[in-house]
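Residue numbers (our numbering), protein chains in the order written: chain A, 124 to 1006; chain B, 2 to 281. Backbone N, C-alpha and C define an ideal beta-carbon position, used for all residues, glycine too.
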Amino acid sequence: MLSALRYRAGQVVVIALLSALVTTCAAFAPLYDRAMQQAAVAVALEDAPSALRDLQIYGPDAEWSLRRTEPGELVGLLPSTEHLFQKPVLGSTATTRLDLDRVAPVEGELWWRAGQCDHVDIAVGSCPAASRQIMVTEAEAEEYGFTVGTVVKAKAASLLATVDNAEPEIVHYEIVGIYRAADPDWWQGLQLDGRAGVAASDLPRHDAWLTDQSTFSTPTPVLPREHAWVGYRLRTDEVGVDELAALKTDLVQLSATLEEDSSGTVGGSPDAGDPSSGIVSSLPALADRVDAQIQQSRTTVPLLLCQLGLLGVIVLWLMLLAATDQRRSEVVVARLRGRGTAGARTLLMRELLPAVLLGVVPGVVIALLGAWPARALVLPGDPPFELPRSLVAAVLIAVAMLVLVTYVAVVRVAREPLGTLLHRTGGRRPGWRLGVGDAIAIAVSGAGVVAFATGSLTGALALAAPALLSVFVGLVLAHLLPPVAARLGGTLLHQGRLRAGVSLLDASRSIMTRRTVALATVAGSLAVFSVCGLVVGDRNRELAAEQAIGAPVVVQVQSASLTDSRLQVVETVLADLDPDGKRVTPVVRTASSSGQISTLAVDPEAFSRIALFADGAPSQKAWSALSAGSSREPVPTITAGTPAEEGAGEVTVLGVDGVHQKATRVAVADRIPGDGPNVTVVDLSTATELATPDYESSIALWFATEDPAFVDTVVDTLASEGVFAADTRTLTGVRHSLDASIPSWSLWLGVVVGFAAVLLAVVALTVLTVTGWRVLALDLTALRLAGVDQRTVAGIPTYARLLPVLVGVLAGAGCGAICAALTLPDVPLLAVPPDVDVTDLSIPWAAVAMTTIGCLIVLGAAAALLGHAVAAMVRFDRLREAA
Amino acid sequence: MNGMSIRTHGLVHIYHAEGHDVAALSGVDLDVRAGELMGLLGPSGAGKSTLMSLLAGLFRPSAGKIFVGEHEVSAASTKELDRLQATRVSLILQGAARNLLPYATPAANVRFAQHTARRAGLDLPPPEAVLDELGIPAVADRPLDRLTPGELQLVAMAVALGTRPGLVLADEPTSQLDHGARDLVLERLAEINRTHGTTVVLVTHDPHVAAFLPRTVTIRDGRIGGEGRSGEEYAVVTADGFLPLPGHVRDDLPPGTLVRFHPVDGHYELVPEREGAEDE
Chain A
124 MLSALRYRAG QVVVIALLSA LVTTCAAFAP LYDRAMQQAA VAVALEDAPS
174 ALRDLQIYGP DAEWSLRRTE PGELVGLLPS TEHLFQKPVL GSTATTRLDL
224 DRVAPVEGEL WWRAGQCDHV DIAVGSCPAA SRQIMVTEAE AEEYGFTVGT
274 VVKAKAASLL ATVDNAEPEI VHYEIVGIYR AADPDWWQGL QLDGRAGVAA
324 SDLPRHDAWL TDQSTFSTPT PVLPREHAWV GYRLRTDEVG VDELAALKTD
374 LVQLSATLEE DSSGTVGGSP DAGDPSSGIV SSLPALADRV DAQIQQSRTT
424 VPLLLCQLGL LGVIVLWLML LAATDQRRSE VVVARLRGRG TAGARTLLMR
474 ELLPAVLLGV VPGVVIALLG AWPARALVLP GDPPFELPRS LVAAVLIAVA
524 MLVLVTYVAV VRVAREPLGT LLHRTGGRRP GWRLGVGDAI AIAVSGAGVV
574 AFATGSLTGA LALAAPALLS VFVGLVLAHL LPPVAARLGG TLLHQGRLRA
624 GVSLLDASRS IMTRRTVALA TVAGSLAVFS VCGLVVGDRN RELAAEQAIG
674 APVVVQVQSA SLTDSRLQVV ETVLADLDPD GKRVTPVVRT ASSSGQISTL
724 AVDPEAFSRI ALFADGAPSQ KAWSALSAGS SREPVPTITA GTPAEEGAGE
774 VTVLGVDGVH QKATRVAVAD RIPGDGPNVT VVDLSTATEL ATPDYESSIA
824 LWFATEDPAF VDTVVDTLAS EGVFAADTRT LTGVRHSLDA SIPSWSLWLG
874 VVVGFAAVLL AVVALTVLTV TGWRVLALDL TALRLAGVDQ RTVAGIPTYA
924 RLLPVLVGVL AGAGCGAICA ALTLPDVPLL AVPPDVDVTD LSIPWAAVAM
974 TTIGCLIVLG AAAALLGHAV AAMVRFDRLR EAA
Chain B
2 MNGMSIRTHG LVHIYHAEGH DVAALSGVDL DVRAGELMGL LGPSGAGKST
52 LMSLLAGLFR PSAGKIFVGE HEVSAASTKE LDRLQATRVS LILQGAARNL
102 LPYATPAANV RFAQHTARRA GLDLPPPEAV LDELGIPAVA DRPLDRLTPG
152 ELQLVAMAVA LGTRPGLVLA DEPTSQLDHG ARDLVLERLA EINRTHGTTV
202 VLVTHDPHVA AFLPRTVTIR DGRIGGEGRS GEEYAVVTAD GFLPLPGHVR
252 DDLPPGTLVR FHPVDGHYEL VPEREGAEDE
């Protein structure tokens, strides 16, 4: 066996390389898929606020369960995932209604957290060290006039008192310190401050009071909504996709257990605002979100890599055809010595299979090496190096495929009758005759294409549709091109155009022409399809980002009330910094209580200029009509979707005070950027004349460009006037977050697949030339003998190769575009479907053209070089060799 | 006796090529005794190689029967043919290299050829012994590309003879060899024929080879055109009574010529009817 491998070492190397390429395609898919999953987990955890990604466990309500739970009892409830969290922080929590001798009590939270004083800045006083000692925030001290030493009082739990028909006990708290919030991560996103003086649910609020652990024990009576608490901070660097799934399982189970335990004591499920016994964490939801993306990757990754693998298998098949043809004499030897077809098959398998399998390990290694830059450079979150179990399955499938292809190629020769083996040296079949294998391949691929086009092919099988179409077209062309070339060549020859005529005739009689046109079709199709997927995905993420944000930069102004006065400040500052409204414009948004309907009050001229409408912007006339409104209803409005109730032709819009107003529609837009599906746009001046903006509406600043300096100037100027920015979002940032998703990363594979497809086609062209050059050189030498000049003869192999490449690539490009049109609707482009569908799946013809030209240049250059190399082999001594 | 006899009856073989039928053999009746050493002569395209291939069971005749020993090769199943080729009938193709695995040494090639026969239970000499018998023990482990053409042909013969077959069919075993190598190959073949009683049929164009052989059969236009025994040329009457004319006589008697057979003193005179003579 070794001597056989050594004998044709070059061929063995090429076969092994092709086998390695097929294996790489198969092995890379699970590696990249796994890395994408890990990256998706990393991004999801990184983007999630601490309150969502960490875990809080609340014990049962002490008042309703008639006993106090020790925080320590809540530790160790996670059966298998506790190690994924940092050491738990124990705590207790309760609600206080502070009696400040005002009309209404001031409500807020009373917390104890082990080690709490190390994670706040104590401005005045000291850390609470005894029962009912508390610290309050600086803002609260200022709001309510508290100082160290102040004693405040609040009612204890009222349930038992009500049963006994008595008043709840009054608990006195002594303020021993005043603190500033710090280290938000340690506090797991729980907000300590920002509430003092702010009303919620008709009650003024106080900030979180921090007290000593002993407050939550006798002699202090049970407090309202008193719970033991344990906080777990997630060790995000320890959490991958498997751990996240395990966390979900554990947390769902724990949640169910706690709910069951607390049933009869408290009702409802816990949430961040009103926790009963239960857990607060969004890890299960995060796991679901990641899982949804993983499901999406199961469409795109196989769609691209299976087709590339198929192309690799086709090229390997061609190589094996050449290799087995070359071993016909060895098959004859085996058969002459009575070994039969089985013996001949064994002989070839023992020689070729090791060569094929030789490529498997390097293929896996190449996949691992290829996955490294993907992990290190393309994917965020530093996905770890892993060997997922699916890798083994993928490699086994690849090996099975390689063995099968080798076996079929070997059997094809081994079972040929001895007489045929002795008298036929090549597989040259002129004319329209269709081999059984080709006929089956055309029938199967054609049936697949028809089934897909009629919608009968769904699921995983539908993913093979692009490959089936290109194989179908490639094979049909492979059988159509030779007779057409023969006829055309004959005509040209009659017209005296020797070189073109002979080139076409040469192309028509060569098996290489058929194989090249089929290969070029599949490769061109794959390259164009991959690029289409990439470009369409990119375009749709851009559109989705533009729709999601509305403008290149949007700054949300902090406001829960006083919108009117803040709007005046904003307008004044903007009039100063951007007098003509070309760089920034205010947008006042009012949403219905359900959040389903909203109204944007804008400066029409500036808004139409700055908002990212893409192609669907209302006309200038509509914008002018918008600003032509008076201070009376109906308000001129541009609508998108179903913005509000309509009756008898009247439109209703939300005023900036949240009250419905009659409106008249001046235009309908497909969508309004930066908002949901049901939006009305009104003129800001008209809207503020008709109503006063209040807490129902919010102000945002929409900037025309991502100019951080200008944005900072505006934000700083507003801050100096007492209006603060709550949130700044940029188009780049939103786009980046959309890009950081599995659908996006999956489509990026298209770049690799496109390049690999063209590379494989070049390899195939080389293989076809290397295996057939001797016969061709002989034919050309005969032409030289017949008196055809050297220049003409030298051009023939090049033209004979260029023809199938040209036809194949053009047909392949058409197939790729059609495949993209058929398949892309089923390819996930965004991780989460947006509220407003901006999907644009139109074929990017410019990209198609560029890719086609690129393929033509690369494959054309390869064909020309190989043709030139064959022409250089034309020597008269070839005739002696043949004799 | 190891040798196998050959008997063909009305052997016809037609090739289908480029949409046309070409008759390579048109009724060949041939008898070869077991242990005989004989040659098939004839011009190119006469059908010699086709006859060899049919005798070796490489393909089936279009009509007629072939018996090799007790086996009707023309009706044998693929399995039976495989068994025959593995143990009893060896064909040496024209061009020594076509009979050998190019990457294997002479010894390995002989071993490869013996594999199936050994599995069938035949007691065969080791490859080295076979090579020794052919006088080339020194090349046993030498790569094939380092052998002379004569050595290469002897290795091809060793491969064919490694299974101790009853019939060896050799297609032009001496072509492309110098005189020394040619004589050596013929000598070895004759020795094998003598030693083991192996029936040897070889195709040749070479008159020196033909002269070396005790019996030659000439194939012409797909038929047996004559036979030579110990230097004497004979025409052979076919089973259905036809008598092909020797080549040089055919030039004198073009197709359509009427002839008469006259028995004269224990032999026959063949008298053509001349048109001019008749007129006269």
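Along the region 152-184 of chain B, what residues have a CB closer than 7 angstroms to any CB found in chain A?
-> none
Closer than 8 angstroms to chain A by CB, Ser54 (chain B) = yes
Straight-line CA distance for Thr614 (chain A) to Val625 (chain A)?
-> 10 angstroms
Tyr269 (chain B) burial status per 10 Å Cβ neighbour count (16 or more: buried) | exposed
Own chain residues within Cβ distance below 7 angstroms of Ala668 (chain A), not counting five before or after | Leu854, Val857, Arg858, Leu861
Residue ranges of each beta strand (DSSP E) within the region 773-806 of chain A, 3 or longer = 773-777, 783-791, 802-806
Alpha carbon to alpha carbon, how far is Ser215 (chain A) from Glu290 (chain A)?
-> 24 angstroms
What residues in its chain sit with their C-beta under 6 angstroms from that of Val74 (chain B), if we drop five residues either side in the sequence?
-> Gly58, Ile67
Proximity test, Cβ basis, 8 angstroms: Ser513 (chain A) and chain B | no
Go ahead and label Tyr104 (chain B) buried or exposed: buried means 16 or more other beta carbons lie within 10 angstroms of its beta carbon, across all protein chains shown.
-> buried
Is any beta-carbon of chain B found at less than 8 angstroms from that of Ala497 (chain A)?
-> no
Is Asp661 (chain A) helix, strand or coil when you go by DSSP?
-> helix
CB contact check: Cys460 (chain A) to chain B, cutoff 8 angstroms = One detail in the question is off: residue 460 (chain A) reads as Arg in this sequence, not Cys. By this cut-off, Arg460 (chain A) is an interface position.
Interface partners of Pro540 (chain A) on chain B, CB under 9 angstroms = Leu59, Phe60
Cβ-based contacts, 8 angstroms cut-off: residues of the region 137-157 of chain A near chain B = none
Out of A:Phe847, A:Leu989, A:Gly977, A:Val959, state which residue places its alpha-carbon closest to the alpha-carbon of Ile919 (chain A).
-> A:Leu989
When the distance is taken between beta carbons, is Thr851 (chain A) closer than 8 angstroms to Val676 (chain A)?
-> yes
Should Ala64 (chain B) be flagged as near chain A, meaning a C-beta pair shorter than 8 angstroms?
-> no
List, in order along the chain, the chain A residues whose C-beta lies closer than 9 angstroms to that of Asn3 (chain B)?
-> The contacting residues do not exist; Asn3 (chain B) stays about 17 angstroms from chain A at best.
Go ahead and pull the three-state DSSP assignment for Gly229 (chain B).
-> strand
CB of Thr164 (chain B) within 8 angstroms of CB of Ala47 (chain B), strictly = no
Coarse secondary structure for Gln336 (chain A), derived from DSSP in three states = helix
Local conformation of Arg61 (chain B) per DSSP, three classes = coil
Is there a Cβ from chain A that is less than 8 angstroms from the Cβ of Asp207 (chain B)?
-> no
Measuring only between beta-carbons, confirm whether Asn100 (chain B) sits less than 8 angstroms from chain A.
-> yes
Any C-beta of chain A sitting closer than 8 angstroms to the C-beta of Arg84 (chain B)?
-> yes
How long is the line joining the alpha carbons of Leu616 (chain A) and Leu870 (chain A), rounded to whole angstroms?
-> 48 angstroms
When you compare only the Cα positions, how much space is there between Val451 (chain A) and Val536 (chain A)?
-> It is worth fixing the name first, because residue 451 (chain A) is Arg in this sequence and not Val. Between Arg451 (chain A) and Val536 (chain A), the C-alpha separation is close to 7 angstroms.
Nearest to Phe730 (chain A) by alpha carbon, out of A:Ser715, A:Ala714, A:Ser747, A:Ser721?
-> A:Ser747
Start and end residues, beta strand (DSSP E) containing Thr760 (chain A) = 758-763
Excluding the 5 residues preceding and the 5 following Gly199 (chain A) in the sequence, name in chain order all residues of the same chain whose CB lies nearer than 8 angstroms to its CB.
-> Glu205
How would you list, in chain order, the residues of chain A whose beta-carbon sits under 8 angstroms from the beta-carbon of Tyr269 (chain B)?
-> Those within 8 angstroms of Tyr269 (chain B) in chain A number zero; the least Cβ separation is about 41 angstroms.
Could you spell out the range, first to last residue, of the alpha helix (DSSP H) harbouring Asp83 (chain B)?
-> 79-88
From Asp806 (chain A) to Pro741 (chain A), what distance separates their C-alpha atoms?
-> 14 angstroms
Are at least three pairs of beta-carbons, each pair with one atom in the region 174-194 of chain B and one in the region 6-18 of chain B, less than 8 angstroms apart?
-> no
Buried or exposed: Glu186 (chain A), going by 16 or more other Cβ atoms within 10 Å of its Cβ?
-> buried
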